[in-house]
Amino acid sequence: MNPSLARSEVPVWNPRNYLNSPETGLRSWLLTQDHKRIGVMFLVATTIAFAIGGIFALLIRIELLTPGPTIMSAQTYNRMFTLHGVVMIFLFMIPAIPSGFGNFLVPLMIGAKDVAFPRLNLLSFYVYLAGAVIALFGMVQGGADTGWTFYTPYSTTTITKVVPVLLGAFILGFSSILTGLNFIVTTHTMRAPGLTWTRLPLFVWSIYATSVIQILATPVLGMSLLLVAVEHAFGWGIFDPARGGDPVLFQHFFWFYSHPAVYIMVLPAMAVISEVVCAFSRKNIFGYKAVAYSSLGIAFVGFFTWGHHMFVSGQSAFNGGVFGVLSMFVGIFTAIKVFNWTATLYKGSILFATPFAYFVGFLFFLVFGGMTGIALATVSLDVHWHDTYFIVAHFHFIMVGATLMAFLAALHYWFPKIAGKRLPEGWGLVAAVMIILGFNFTFIPQFLLGNEGMPRRYFSYPEKFWPLNVASTAGASVLAMGLVIVLVYTLVALKWGPVAGANPWNSRGFEWNTPSPPPPENYETTPVYTHGPHEYDLPGVETPPAATPEPKHAS
Amino acid sequence: MPANTTYLAHHFESLEKQTYAARLGMWLFLATEVLLFTALFAGYGVYRYLYPEAFREASRGLETWIGFVNTLVLVTSSFTVAMGLERATRGDGRGTRLLFGLSILLALAFLGLKAVEYTHHFHAGELPGRYYASDAVQGPGGPIFFALYFLITGLHAIHVVIGMTVLAVIGWRAGRGAYAAEYHVPVELGALYWHLVDLIWIFVFPLIYLV
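Here is the structure:
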């Protein structure tokens, strides 16, 4: 094992890469079928969506700075939290890691020239854009005020522009389905010779599990959103109690998708983390099969837990208990992963670089958020916490805490591969500390608020909740500042960053076997795999030869 | 026809792999289609459980003979599509075109009969939700039955139209000799889609007309 991370070659910029070949014009980007370019376009689009959603979030926090009205009306506030949820979930979190990083990395990792259906891949991007434009049009037109859950009967009677937002989410679902379909087929058919399922990088395993959920759950969401839109537009009465419809049926439909959708958001995060933890502790993952299969386990169990969103929707106590216990199974599979990641660190040669800092943040948020999730799956406790800020803090810990940390870890880890440049390590750590601390200061007060009974989605609150709300808003501004720093140095590094070279982290993940940025066809000859990824115990596999001779003196 | 290399996309190493990928992709896509309808079938199941009497009465009011004839028409069209695929495996593109054309005519007959049925519903005021104006069924069950009826059969009809388009494009291309005995995957996938459209109707017919 060679713990030294000192780069043994002068970093070279790959002159013929996917960024400039075969062409560089805008047209060649818009019509590209190269998975790397599509991945980059997804990353840009989802980052813009993240910024929009983030601005909504900041406006919400500013409004909650004082107990009464601060900067907006109650109606505007309702629209703000709805749009924040819709944008963050459908436009950022669901596509960001699978469609962005997944598109870029999966073919590189499995030694393929492209995904199985490149045209479908491009279509997926344009479907995403179409959905985003329709949803944004609805927002400009006044937006919806139903919350991202679109609960009936309110969503079918509200006067706000809920239909375009629903249709936007419906169309985005198709983008998600197409990407998932593409990845499943790619993983099955495009693996290079020698890359057996047990040599597959864990990133690919997790993305595969995500894709299964995307394919199985999204059509049901599409249908139920369409039903709500039809009912809102034409009054067909499927979910309208006044016409004999059952509004709770909508909740069943909605959560049948939207609970698994939580795993669409968090499984890709786990995918990233499984790679980062190996690369930065220079050890192969502890318990490879357990980590791989637990992804599938989460995907499977995730389909049988939706009832835990409906403990207070008139569900029988027996059903509540069953759904509660099933929900806790997710905790078992997640714990398997957490234990294996921490066991991987043991006796590893840890490099505390920026991606690793985000890994540490991820681990804390996932465990903290996960433990509160187990508590919430207990029916008696959930009745107390239901619809309070405790829930808000819980799912932000998982969805933002875990997913955002993984997104940033992925950005810092793979930026040298994607852009061929290095990000500034010092600023990276500063921003990571700000983001992780800011996040804690934003959401830990919300746990306390929720436990004391502050309901979610309320515009004003009693004065006794004031101090904690101020703390939360202060934390959010630190978090936002950290994110702005990341954005700024990423854009700067894109142009002026130092050349990274093929493998600046000396990682043994398969994607690093290509030059940076990778050439359009990824590999000139199809690689043949003889071992799994991240096997740092093998002597000198694919270690680049030293460019300068070793120093002669012994000391 | 030219050798295999013409059909091979740049990123696949062999035509077998490419074919396998295309088939797998199509089957996964069909799975999402099934789930799309499953949501509606589940809704149907729930409301049938809530309003058993009204659903029985409303269902009895439908013209079962149209549904029955339509079932026969669709099953026949599936048969002609299968025949067309069989022609394609032997490299007979013109035969494929002819049989796919026949299937499209049958699909048109299906849509025509469906339109007749819809017209009857419109005249009888058997419409979804707030538009329901019939006095055949009392209570809220009737409007809900027809909301689901129009959603399910309407979505199915949209699929029929999409399927017809697919058959038309592939049949036309087959007639121009775009495929060969050793490569006819698009014909196969188009046929698969049409069988799915047929299969969904096989579930819709008993669910709405018979039970």
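Protein sequence lines correspond, in order, to chains A and B.
Here the first sequence is numbered in this note's numbering, starting from 1 and rising by one per residue.
Here the second sequence is numbered in this note's numbering, starting from 1001 and rising by one per residue.
Beta carbons: idealized from backbone N, C-alpha and C, even for Gly.
Next on the checklist: Please list the terminal residues of the continuous alpha helix (DSSP H) segment that includes residue 1177 of chain B.
Outcome noted: Following the DSSP letters along the chain, one finds residue 1177 of chain B in no alpha helix (DSSP H), marked with neither H nor E.
*Starting from the beta carbon of residue 181 of chain A, find every residue of chain B whose beta carbon is closer than 7 Å, and list them in chain order.*
1025, 1028 and 1029
Please return the same chain residues whose Cβ sits closer than 6 Å to the Cβ of residue 475 of chain A, not counting the five positions on each side in sequence.
438, 441 and 442
* Asked: Using DSSP with H/G/I as helix, E/B as strand and the rest coil, what is residue 388 of chain A?
  -> strand
| said: Is residue 1052 of chain B close to chain A? Criterion is C-beta to C-beta, closer than 8 Å. | reply: no
The region 1140-1165 of chain B: positions lying closer than 7 Å to chain A by Cβ = 1140, 1141, 1143, 1144 and 1147
Inspect the CB distances between the region 103-115 of chain A and the region 83-94 of chain A and report whether three or more fall short of 8 Å.
no
### Query
Which residues of chain A have a Cβ atom closer than 7 Å to the Cβ of residue 1035 of chain B, listed in chain order?
By Cβ distance, chain A contributes 216, 219 and 220.
query = For residue 15 of chain A, which residues of its own chain have a beta-carbon under 8 Å away from its beta-carbon, when the five flanking residues on both sides are left out?
reply = none
Q. Is the CB-CB distance between residue 183 of chain A and residue 213 of chain A below 8 Å?
A. Judged by their CB atoms, residue 183 of chain A and residue 213 of chain A are not nearer to each other than the 8 Å cut-off.
- Task: Under 8 Å between beta-carbons, which chain B residues line up against residue 185 of chain A? List them in chain order, please.
- Result: In chain order: 1021, 1024, 1025 and 1028.
With a CB to CB cut of under 6 Å and the five nearest residues on each side skipped, what residues in its chain are close to residue 551 of chain A? For residue 551 of chain A, the predicted structure reports a pLDDT of 47, less than 50, and the residue's modelled location is therefore unreliable. A value from the coordinates is still provided. Result list for residue 551 of chain A: empty, nothing under 6 Å.
Practice problem: Could you tell me which uninterrupted beta strand (DSSP E) segments, each at least 3 residues in length, are contained entirely in the region 1008-1046 of chain B, listed from first to last along the chain? | Solution: none
DSSP three-state label for residue 98 of chain A, please. helix
Quick check on residue 241 of chain A: buried or exposed, where buried means 16 or more other Cβ atoms within 10 Å of its Cβ?
exposed
* Asked: What residue range is occupied by the uninterrupted alpha helix (DSSP H) comprising residue 341 of chain A?
  -> 317-345
If you follow the alpha helix (DSSP H) that residue 1086 of chain B is in, where does it begin and where does it stop?
Secondary structure note for residue 1086 of chain B: its alpha helix (DSSP H) is the uninterrupted segment 1064-1089.
Notebook entry, point to check: Which residues in the same chain have their Cβ closer than 6 Å to the Cβ of residue 455 of chain A, if we skip the five residues on either side of it in sequence?
Noted result: 387 and 388
| field | Closest residue to residue 128 of chain A among A:92, A:54, A:156 and A:148 (Cα-Cα distance) | value | The shortest C-alpha separation from residue 128 of chain A is found at A:92.
key: Whole alpha helix (DSSP H) elements within the region 65-94 of chain A, 4-residue minimum   = 74-86
- Compare the C-alpha of residue 355 of chain A against each of A:330, A:109, A:333 and A:429 and name the closest. A:429
> Out of curiosity, what's the CA-to-CA distance linking residue 1205 of chain B and residue 1118 of chain B?
Replying inline: 15 Å
Check: Looking at C-alpha atoms only, which residue of A:310, A:258 and A:520 is the closest neighbour of residue 379 of chain A?
Finding: A:310
- Message: Looking only at its chain, what residues have a beta carbon closer than 8 Å to the beta carbon of residue 383 of chain A, apart from the 5 residues adjacent to it on each side?
- Response: Contacts found: 311 and 312.
Strand pairing of residue 248 of chain A, partner residues [DSSP]:
According to DSSP, residue 248 of chain A bridges with nothing at all.
Can you list, in chain order, the residues of its chain whose CB lies under 8 Å from that of residue 367 of chain A, leaving out five sequence neighbours each side? Result list for residue 367 of chain A: 338, in chain order.
* Asked: Taking 8 Å as the CB-CB limit, is residue 510 of chain A close to chain B?
  -> no
Check: Which runs of the alpha helix (DSSP H) spanning at least 4 residues fall entirely within the region 234-319 of chain A, listed in chain order?
Finding: 247-281 and 288-301
Query raised in the report: What is the residue span of the alpha helix (DSSP H) that residue 440 of chain A lies within?
Result: 425-452
Run through DSSP, which three-state label would residue 113 of chain A get?
coil
- Query: Apart from the five residues just before and just after residue 155 of chain A, which ones in its own chain have a Cβ nearer than 6 Å to its Cβ?
  - Reply: 146, 162 and 228
| said: What would DSSP say about residue 546 of chain A, mapped onto helix, strand or coil? | reply: Any reading at residue 546 of chain A is ruled out, since the residue's pLDDT is 40, under 50, leaving its predicted position unreliable.
Requested in this report: Quick one: list the residues of chain B neighbouring residue 236 of chain A, beta-carbon separation under 7 Å, in chain order.
Outcome: 1128, 1129 and 1147
Check your understanding: Mind pulling the beta strand (DSSP E) runs of 3 or more residues that sit fully within the region 151-203 of chain A?
Key -> none
Worksheet item: Which residue's Cα is closest to the Cα of residue 108 of chain A: A:418, A:395 and A:460?
Response: A:418
- prompt: In chain A, which residues lie less than 8 Å from residue 1046 of chain B when you measure between Cβ atoms?
  reply: 246 and 249
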